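Worksheet: the structure to be examined is printed underneath.
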Amino acid sequence: MHSDDHETVYERDWKRYHPDNRRPSIAGPIIITLVAIGVLVGLGFWFLNPIYHWLWVAVRYGWPMLVFCILGIVFTVKAATSYGSNMGRWLIVACSTIAFTLLCFAAPYVTAHGMYLASNVSESVDAGELDYQPRTPYDVAKAVSNRNLGATTGDAREEKTYLPADGTWTTTVERRGFAQGYESIQVMKLPQYGEARNQDVSFCSFNPKANRKLDGMMWWNSLNIAIANRTSPSTVWDSTDSVAVCADGRPVIYVPLKQLSSDILFPYWVAGGVAMYDGETGDLQILHDYQGDLPLYPQSLASAQRESLKASETYWDYLFGRSGWQDTSNDPKDPNGENRAEFSLETKTNVGEYITPLTVRGSSSSITAVGSIDSGMNRVGELAPYTVHRFPDGVSRQANSAVVATITGSILNGYKAQGLTVFEIVPGHDGKWVATIGKSQSILYKADISLDGTIVLKDRDGNIVASNSDNPDQQSQDDSSDTSQSETNADKTGADDTAGKTDDGEPSNKTDNGDSKTTSRQEDIQRLQQLLDEANKLARKIQQEQ
1 MHSDDHETVY ERDWKRYHPD NRRPSIAGPI IITLVAIGVL VGLGFWFLNP IYHWLWVAVR
61 YGWPMLVFCI LGIVFTVKAA TSYGSNMGRW LIVACSTIAF TLLCFAAPYV TAHGMYLASN
121 VSESVDAGEL DYQPRTPYDV AKAVSNRNLG ATTGDAREEK TYLPADGTWT TTVERRGFAQ
181 GYESIQVMKL PQYGEARNQD VSFCSFNPKA NRKLDGMMWW NSLNIAIANR TSPSTVWDST
241 DSVAVCADGR PVIYVPLKQL SSDILFPYWV AGGVAMYDGE TGDLQILHDY QGDLPLYPQS
301 LASAQRESLK ASETYWDYLF GRSGWQDTSN DPKDPNGENR AEFSLETKTN VGEYITPLTV
361 RGSSSSITAV GSIDSGMNRV GELAPYTVHR FPDGVSRQAN SAVVATITGS ILNGYKAQGL
421 TVFEIVPGHD GKWVATIGKS QSILYKADIS LDGTIVLKDR DGNIVASNSD NPDQQSQDDS
481 SDTSQSETNA DKTGADDTAG KTDDGEPSNK TDNGDSKTTS RQEDIQRLQQ LLDEANKLAR
541 KIQQEQ
């Protein structure tokens, strides 16, 4: 009885709204939807293509979760709107919900672990032996760029890129106006000490007809759209990875690319080649392989590989933060600031690398390792090997903020540090780290930081200004002896042949005064230190009286 009444009600409602007793056709909505998609695709090829790349990436990443989500919704609707036994449908809904939830939690770990395995991560206990060429700090280059734009009328890009092979910083200058491209590339070859001069900054100009730029908004001046039209849907890029160079006066923009791996369920990022835009002719080329001096391995990809170190162990270690390393983000007063990870350096063997000081996961800010990756290789579908250089067990380097406090509060005795800034602390020569100290665009001192905590402050001539060591001169001699050992060995044979002879080849009666010179230098330094101590006492006394 109840069932018949129910059917009668449905039949009555159906006839009321569908007198001809026919179900509505779904062909019309389908045709309209396909036409709308076709119009969007047509427009997108010229205007929204980069967005389509990211949409495809989202589908590649999330299609398993999307499938379970759709199944859950469909069977939930069917179970809620139908009568009779729906146990099977509700079971499918429950399973879909559980699978969707598990995927949401597990997918980040599985993806990161896959990247970790593909990165061929190696570890070595040699962080105290790393040797890198010196460089000018990022903050100095940023200040110099904004104040030395010369006759250009454009706006300099916020990000600056260091080219370790040339020892230069570069950035682009955007032409002002609607739908305009780049005006020029700014090249800064800055001194290690002192203030930058006008002749340290140069420019190479773009042809006005080559008017594409990465953040261009229109299809005729967007470099993003041009690259998207030349690459596969799974290829993307980050504008902050781009590198601008002046190649024999010709402006060139390099955009490192990355793409998704071939894994079906949990793909991860791999290198995708390099897009090269000629600022003189306007030509765009896609290089599938690159090996050279320029840092054209995507920094964002190197950062993702570093993050994958957290997934080096089990899921529970990953979830509770017990595995891998992280950058110095836990040190809010780190002078490296926004440039605390993946900064470019060159080894003494002329190999460019991205370098990141690493700490163990947790609240510790002490540096326990250094991450490095080759910055000059970009091959489609591959990841550059990642290396973790660890300090010996039980040994770590104090946090960068602690080094700054020691330099400004102890070594420079507070009042002498007024107006001075510690720009950055990076790995340097002979396993030591180097802190750069100065004012705005001017570099005044550099501090050599040893693993045992010894800090030696030097001026541009290599003279020791101050130190927290009782014997800074001996520390300096140890440093110089390491760096000059190869030169000594190279000259040893010639020195033996000419020892005891004058320029004419006659025997010489001169004696070696090296020991006396060293002793005299030590005495001078001791006297200078005494004078500094007396000046400090006098300054403190004056401050107390005031």
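All residue numbers for the sequence shown refer to this note's numbering, where the first residue is 1 and numbers rise by one.
Ideal Cβ placement from N, Cα and C applies to all residues, glycine included.
None of these values were measured; they are calculated from a predicted model.
When rounded, the separation of the alpha-carbon atoms in R230 and E183 is 24 Å. For D278, the secondary structure class from DSSP, reduced to helix, strand or coil, is strand. Rounded to the nearest angstrom, the gap between the Cα atoms of E346 and C95 is 53 Å. Counting the other Cβ atoms within 10 Å of the Cβ of D331 gives 16 or more, which makes it buried. The beta carbons of A112 and E307 sit closer together than 8 Å.
With a cut-off of 8 Å on Cβ pairs, the segment 369 to 384 is in contact with the segment 266 to 281, counting three or more such pairs. In this structure, DSSP gives Q186 an extended state, which the three-state scheme calls strand. DSSP, reduced to helix, strand and coil, places N378 within a strand of the structure shown. Sequence-distant Cβ neighbours of Y315 in its own chain, meaning closer than 8 Å and more than five residues away, are A106, Y109. Contact annotation: P295 and L163 have beta-carbon atoms nearer than 8 Å.
E159 sits in coil when the DSSP states are folded into three classes, being neither helix nor strand.
Close CB contacts of L149 within its chain, under the 8 Å cut and outside five residues either way in sequence, are with A156, V173, Q186 (chain order). Ranked by Cα distance from I355, the options Q199, L284, S300, Y318 are led by S300. Rounded to whole angstroms, Q305 and T359 show a C-alpha spacing of 16 Å. Here Q398 is not near S450, since their CB atoms are 8 Å or more apart. Put simply, of G428, P256, T33, T406 the residue whose alpha carbon is nearest the alpha carbon of T454 is T406. Contact between the segment 125 to 139 and the segment 415 to 427 is present, with at least three C-beta pairs closer than 8 Å. Distance from K333 to S401 at the Cβ level is roughly 4 Å; contact confirmed, criterion being Cβ atoms closer than 8 Å. Inclusion of V370 and L130 in the CB contact set at 8 Å is warranted, their separation being smaller than that value.
For H389, the closest of I31, T76, P50, S122 by C-alpha to C-alpha distance is S122. Here DSSP, grouped into helix, strand and coil, assigns H389 to strand. In this structure P357 is not in contact with D393, their Cβ atoms being roughly 18 Å apart against a cut-off of 8 Å. Distance between P256 and G292, taken at the CA atoms: about 13 Å. Annotated three-state conformation of Q305 is helix, per DSSP. Sequence-distant partners of L265 (beyond 5 residues in either direction) whose C-beta falls short of 7 Å from its own C-beta, in its chain, are P64. Assignment of F320 by DSSP, reduced to helix, strand and coil, places it in the coil class. Closest by C-alpha distance to N336, out of Y318, W325, A435, T408, is A435.
G216 has its alpha-carbon roughly 33 Å from the corresponding atom of S329. Close CB contacts of T235 within its chain, under the 6 Å cut and outside five residues either way in sequence, are with L257, Q259, G272 (chain order). The straight-line gap separating the alpha-carbon atoms of G462 and K142 is approximately 26 Å. Going by C-alpha positions, V59 is about 32 Å away from E338.
Taking C-beta separations shorter than 6 Å and ignoring five residues to either side along the sequence, the partners of W169 in its chain run A141, K160, Y162, M188, following chain order. Out of S469, L71, A151, the CA that lies nearest to the CA of I98 is found in L71.
For A210, the closest alpha carbon among the candidates V274, Y254, L284 is that of L284.
Straight through space, the alpha carbons of T281 and L214 are spaced by roughly 17 Å. Counting only runs of 3+ residues, the beta strand (DSSP E) found wholly inside the segment 390 to 432 occupies 421 to 427, in chain order.
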